[in-house]
Amino acid sequence: MSVLDEYVSEDSSASRAAEWLFTWGHGLLIAGLFGFMFWVRARTWNRFVVDGKILLSGNDAWYHLRQISYTVSNWPSTMPFDPWTEFPTGTFVGQFGTIMDQLIATAALIVGLGSPSEELIRLVTLFSPVVFGSAIIVPTYYLGKRMGGRLGGIIAAIVLALSSGVLLQRSLVGIADHQVAEALFQAVAVLGIVIAVRVAQEEKPVYELFAERNWGALRRPLGWGAVGGVGLALYLWLWPPAILLIGVLGVYVTIQLPIVYLRGESPEHVGIVTATIFAVAGVLSLLSIQAVNFNMVQLSLAQPGLSFAGAAWSLGLAWLAREWDRRELSAWQYPATVFGGLGVGVVLFVLVLPDLFWYFFDQILRFVGFAFNPHSDSAGTVAEVTPLPGGIDSLLRYYGAVPLIAGAGVGISVIHQYFSDELKPELLFVGVWFVFMLAATLTQSRFAVYFPVPAATLSALVVTWLFQRLRSVSESSDLETYQVLTILGVVTGLVLPMVLASPTVLETSGQNNPGGVAGWESSLDWMNENTPAVGNYGGAGNADELDFYGTYERTDDFEYPDGAYGVISWWDYGHWITQEAERIPVANPFQGNAEEAAAFLMATNESQAGDALEIVSENESDATTQYAMVDWKMATANGGFQSYRWGKFGAPSAFLDNVSASTYYRVIRGQAQAGDSRPSVLQQWYTVQKQAFYESMAVRLYRYHGSAASTTDVPGINTRGRIPVVDWEQTQLLNRRTGETELANVPARNQNGTAQALRWFNSREEAEAYVAEDGTAQIGGLGKIPSEPVSALKHYRLVQVSEQNQGSVVASQPGLGLLVQRNLQNEQVQYQTGVNWRTLLSGTLSEPYSAWTKTFERVPGATVEGTGPANTNVTASVEMEMPNANKTFTYRQHAETGEDGEFTMTLPYSTTDYDAVSTEDGYTNVSVRANGSYEFATSPTLETTNETMTQYVYNDTAEVSEEQVIGTDDSVVEADLTKSVMLERDINTTASDSTNETGQNTTDGSDTGGTDDGSTNETGEDTSGSLAPVVASDSSTVRPVTTGT
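Have a look at this one:
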């Protein structure tokens, strides 16, 4: 007696309840799983409402918002061309403004009753990935049901709902990218194909039915073939590179039809239906073509061309089988001819159209090429196109045993082709689909968003196949206890590792937030309100020629009017600048102008930076790049633990020739704690910056605000005049992750075995001598302390800083900053990094001006002409205030006087007349303003005679107006330096009237953390009045001069 018969009689209420549950229970379960998936993805939505404004996460979501907003106003049209990105050409991108944006725009129009507000459009966009991600459970259930009935559908749905990998990450609230929609549309397309090939096997359409025009017999197979074709076309409309699924279907046809023929059946059935799928997809994609070329990232000739080729290939194989039967040839010669003919076709393709062949070949490798992926170094800066970190291990961590069970499902789908009495062609298709998606996932991490659906589908196949095997060995058709327990055990083994996986779905979703855009938002809002409208820079008066949501004809080079301008930053941030600041970025996440942005950020002088900006400026109009936005990541090298990286400084170097990340910094690996059985390299590291790092525009802007800097004169940092030296050593150590020995830089060790990577010296001569003798050491290189002097910028000024800050150490040295965050004990920090704990906390290695984002303006600058002592260094300095950060910094610029005592400077910061111009006039309402006048001064000079000791400088002050800086006033600032006595002392009373103490200076290079008074030079209290400043004979006033921090 079965378990059910034992407890339920036919007429009992329990029996009726069981029957109702059997009929409708699966629907309730799927609805419950949908609700669970929706809640998991949406539960952190309130974090995206910041100061009453709805934010999104990532980069592409913001450009989708732009496309959706345009479609709302121009429904159902999408944007044909966009001049509000990729200055100075504008651009069109085929992967945006697709059917996904049209669907979201339609939803916004429905919810907003035909006139949704901007806030409502943002809200609908915010939740769109949640809807798409949760909806995937529907095609997944039906795919599982096609594999193993209702039980298979339920198992596939449960596996999907508990998946914590990339699909979950890309479908969380706020991440309104097209990747999750891709996964949904691909699942729908595959479901249509699976049903179509199954119907083909059931209805068995052949050529004679067409000849007889027996449309009744052809209705189901052709109808479902058309449905599959529409599904494939919708997927192509959503994402043109979905051409990958055309390839999957083509490979399936090439394998399936010969197998069918070897089984003694006709390949015509499947061939006719797959030809229908290809043909319908080809026609629909041809109707929406965007470019007459073979570019796979747009709807071009590639999609319909390959679709029609697939239709011809399907019909050709079906025709070939008929010829084989007519000529009564050996069945085994059929597959040999098919694959041989395919090889000949490839050879002819190479010979006739070599460029096109290698283009397609490269695209195949990009999709499924594993280590042979031909992506350039620059493409490697895009995280989603790099291989999945951890590879198979990551899949097992996310999904437990599911990938392995799904792999067994591939084996079942292949075995079925040869040993099953009833052919199910859909099984092989799903097996081929899974193999391709696994290969794609391991080639590009973005394809991991597809992986859970085929994995869940094949897992369902395996479980139901096992269930069927158990049923087949049972003497009774009823469900026995051991069968129930066995299936429960298999399902538990499938699901439990996913529930216990780290991170779980709740952990992953609980970490969701807007991310870096929150640190940019205040700067983007400021730019929108405090810079001139695009088209009106310099008072050009052409702002009305560029409507933010205007419709523009597609062109290769948009003609911008006078007064239009670009904003340069790293390409990651382009969409934020477009959508939130309503300004035109030079570079964007399409990697448009990425090389030009890299050239600017890595430029080591203003001439190189100017050359880069000339390339991204209009030649025939006064439309130029006027602003630069730099955040802390752009000026920070990587460093951290394992794969948790922070800085982006190294990314631009991948776009430039003859340089790499190693040009700018070296990596110091943290060493394992003493007492380990084997010396090993940890996955924690930090960087030591080279001089090229400090001379780059990104660092000179963010770190120094354009000011001059040197090893002992660092803006915002007091080194007490001492010289830091970073010391390391090279050794062969074990890499714990790979298990291999490698040559690594590790902190230097003293003779007693303690680590010491940072040493301080009282003079540069001592430091240089140590570096020369050591061989693996350098002056400076940690924090913002350069090895050599860095000159001031003359044409770039800081105009605003964001309200949000990053941690001062993380914004400077992330690898060391994370140690502070982890609160490791001082001994561990010292051992692993060689840097004293007190040094990390003292601020010596930190970034005191750690605003998340800083905005700079490119200006002509004010011209200064001055006089002073001959052949002398003159420093111009002015204190600037950053109101958002409630901090001040000092801008300094140096110049040398000639033999005639004359010097010139170009100063980028103004000190007066900020209200003389406005944004309506076409100029910037600067937020960063001076606290006083410029001071021009020489270094202090000490002069002694037999009787007196005098210290004096040559100095002067001057105001620089805003109009002089922006070029509307071409008058010259004059600075005539005169002698000012700072101190005058009678030598005979020096000893009694003052003290000049020198403490125990540490010249052995010990790291005192930057807080110990290793050196003092104190002036005692003057009781005789001899230290009072006196009026020099050639000056009416005496001005004390600040010459250092």
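Residues in the sequence shown are numbered from 1 upward in steps of one, following the UniProt record's numbering.
Each residue gets a CB set at the ideal place from its N, CA and C atoms; glycine is no exception.
Checklist entry - Do the CB positions of PRO425 and GLN102 come within less than 8 Å of each other? => result no
Checklist entry - In terms of alpha-carbon separation, which member of GLN444, GLY90, ARG41 lies closest to LEU546? => result GLY90
Item to check | Under 8 Å between C-beta atoms of HIS178 and TRP239 | outcome: yes
Checklist entry - According to the Cβ coordinates, are PRO116 and VAL72 closer than 8 Å? => result yes
Checklist entry - What separation, rounded to the nearest whole angstrom, lies between the Cα atoms of THR968 and SER961? => result 10 Å
Checklist entry - When burial is assigned at 16 or more other CB atoms within 10 Å of the CB, is TYR549 buried or exposed? => result exposed
Item to check | 8 Å Cβ cutoff met for GLU695 and PHE655 | outcome: no
Checklist entry - Rounded to the nearest angstrom, how far is the Cβ of SER523 from that of SER802, given a contact under 8 Å? => result 5 Å
Checklist entry - Taking the Cβ atom as the reference point for each residue, do TRP313 and VAL253 lie within a distance shorter than 8 Å? => result yes
Item to check | Minimum C-alpha distance to VAL40 - residue among ALA564, PHE127, ALA755, ALA455 | outcome: PHE127
Checklist entry - In whole angstroms, what is the alpha-carbon distance linking VAL917 and PRO883? => result 20 Å
Item to check | Limits of the unbroken beta strand (DSSP E) element including TRP760 | outcome: 758-761
Next on the checklist: For ILE195 and VAL463, what's the separation of their Cα atoms in angstroms?
Outcome noted: 21 Å
Item to check | Short Cβ contact (8 Å threshold) for ALA587 with SER569 | outcome: yes
Checklist entry - What whole-angstrom Cβ distance do residue 1064 and ASN931 have, given they're in contact under 8 Å? => result Lying outside 1 to 1045, the shown extent of the chain, residue 1064 is not represented and no answer is given.
Item to check | Residues that DSSP places opposite ILE568 in a beta bridge | outcome: ALA628
Checklist entry - How far does the beta strand (DSSP E) with GLU984 in it reach, from first residue to last? => result 978-986
Next on the checklist: Bridge partners for PHE856 per DSSP, in chain order?
Outcome noted: ALA628, LEU798
Item to check | Extent of the continuous beta strand (DSSP E) to which GLY866 belongs | outcome: 862-867
Item to check | Spatial neighbours of SER57 in its chain, beta-carbon cut-off 6 Å, leaving aside the 5 residues before and after | outcome: GLY174, ILE175, PRO514, GLY515
Checklist entry - Between GLY133 and THR98, what straight-line distance do the alpha-carbon atoms span, to the nearest angstrom? => result 18 Å
Checklist entry - On the three-state DSSP scale, how would you describe GLU881? => result strand
Next on the checklist: I believe VAL180 touches PRO129 by the beta-carbon criterion, under 8 Å. Please report the beta-carbon distance rounded to the nearest angstrom.
Outcome noted: 5 Å
Checklist entry - Excluding sequence positions up to five away, which residues of its chain have a Cβ less than 7 Å from the Cβ of ASP421? => result none
Item to check | Expected contact under 8 Å - CB spacing of ALA460 and GLY144 to nearest Å | outcome: 4 Å
Item to check | Cutoff 7 Å; reference ALA331; Cβ partners in own chain excluding five residues on either side | outcome: TYR261, LEU262
Item to check | Three-state class that DSSP yields for ARG263 in the structure shown | outcome: coil
Item to check | ASP727 - partner residues in DSSP beta bridges | outcome: ALA777
Item to check | Residue interval of the beta strand (DSSP E) (run including LEU907) | outcome: 902-907
Item to check | SER443 versus LEU428, PHE434, PHE370, residue with shortest Cα-Cα distance | outcome: In the sequence as displayed, the identity of residue 443 is Thr instead of Ser. The option with the nearest alpha carbon to THR443 is PHE370.
Item to check | Where ARG469 falls, given that 16 or more other Cβ within 10 Å makes a residue buried | outcome: exposed
Checklist entry - On the premise that GLY223 lies in contact with GLY310, defined as a C-beta separation below 8 Å, what is that separation, rounded to the nearest angstrom? => result About 19 Å separates the two Cβ atoms, so there is no contact after all.
Checklist entry - DSSP beta-bridge partners for THR941? => result TYR952
Item to check | Nearest-angstrom Cβ-Cβ length linking HIS26 and ARG146, presumed shorter than 8 Å | outcome: Rounded, the Cβ-Cβ distance is 14 Å, inconsistent with contact.
Next on the checklist: Looking at GLY817: is its Cβ nearer than 8 Å to the Cβ of LEU977?
Outcome noted: no
Next on the checklist: Quick check on the burial criterion: 16 or more other C-beta atoms within 10 angstroms. Buried or exposed for GLY775?
Outcome noted: exposed
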